[in-house]
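Peer 1: In my numbering, the protein residues as written are -1 to 188. Note that CB positions come from ideal geometry on N, CA and C, so glycine has one too. Shown below is the structure under consideration.
Put into structure tokens, the structure is as follows:
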């Protein structure tokens, strides 16, 4: 049994898919990047901070001690982090930038086992086909891009936009199962 320090339904679905028993502990942290913080430093820091917030939540509830898992995902276009859009206008702008281009998706994992942090980073390359304004508008109207790193969900309708994927499908979704399995196995938890 582990605690998942995440409110992401995608991460929960992936843990269920892997047959891992878990309880959700929602972390409440400030997700704003530090000034001039590189993307990889940011994603790792977010995973650690979510993990720490999850551990604090477990202690505050006086819940049984089990490992705490947290993850964070970013989309990088060059050196720029493409954050989660809050509006259709923001999502449209992100998708226009991704259209016909390759970008990177990084998901950082942090597992707290009795106060010891175990970490992993998953890197993937995703190439979008060229998207027409009509395709972008139709996708944005679904609401699916909102709150998703880079403004798309590979497991949803945006799968139609993916010309090529090098790396981890589950990592692009937000929880790389291979890397998670390796962390859990190394700690004797799987």
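If you draw a straight line from the C-alpha of residue 50 to the C-alpha of residue 129, how long is it?
Peer 2: The alpha-carbon atoms of residue 50 and residue 129 are separated by roughly 40 angstroms.
Peer 1: Could you tell me the alpha carbon to alpha carbon distance between residue 139 and residue 78, rounded to whole angstroms?
Peer 2: The straight-line gap from Cα to Cα measures roughly 25 angstroms.
Peer 1: Please name the residue, chosen from 119, 165, 63, 149, that lies closest to residue 159 on a Cα-to-Cα basis.
Peer 2: Closest option to residue 159, Cα to Cα, is 149.
Peer 1: For the segment 15 to 98, which segments carrying the alpha helix (DSSP H) assignment without a break, of at least 4 residues, lie completely within its bounds, in sequence order?
Peer 2: Runs of the alpha helix (DSSP H) inside the segment 15 to 98: 37 to 58, 86 to 96.
Peer 1: Among 131, 106, 144, 133, whose alpha-carbon lies nearest the alpha-carbon of residue 43?
Peer 2: For the residues 131, 106, 144, 133, the minimum Cα distance to residue 43 belongs to 106.
Peer 1: Please say whether residue 66 and residue 102 have beta carbons closer to each other than 9 angstroms?
Peer 2: Cβ distance not < 9 angstroms, so residue 102 and residue 66 don't count as in contact.
Peer 1: If we ignore side chains and look at the alpha-carbon of each, how far apart do residue 132 and residue 97 end up?
Peer 2: Going from the Cα of residue 132 to the Cα of residue 97 covers about 12 angstroms.
Peer 1: In the DSSP assignment, find the alpha helix (DSSP H) that holds residue 168 and state where it starts and stops.
Peer 2: Residue 168 -> alpha helix (DSSP H) spans 167 to 171.
Peer 1: Need the endpoints of the beta strand (DSSP E) that residue 121 sits in, please.
Peer 2: Where residue 121 is concerned, the enclosing beta strand (DSSP E) stretches over 114 to 126.
Peer 1: Grab me the residues of residue 144's own chain with a C-beta within less than 7 angstroms of its C-beta, minus the 5 sequence neighbours each way, in chain order.
Peer 2: Excluding sequence neighbours, residue 144 sits near 83, 84, 89.
Peer 1: Quick check: the Cα distance between residue 135 and residue 155, rounded to an integer number of angstroms?
Peer 2: Answer to the nearest angstrom: the Cα atoms are 13 angstroms apart.
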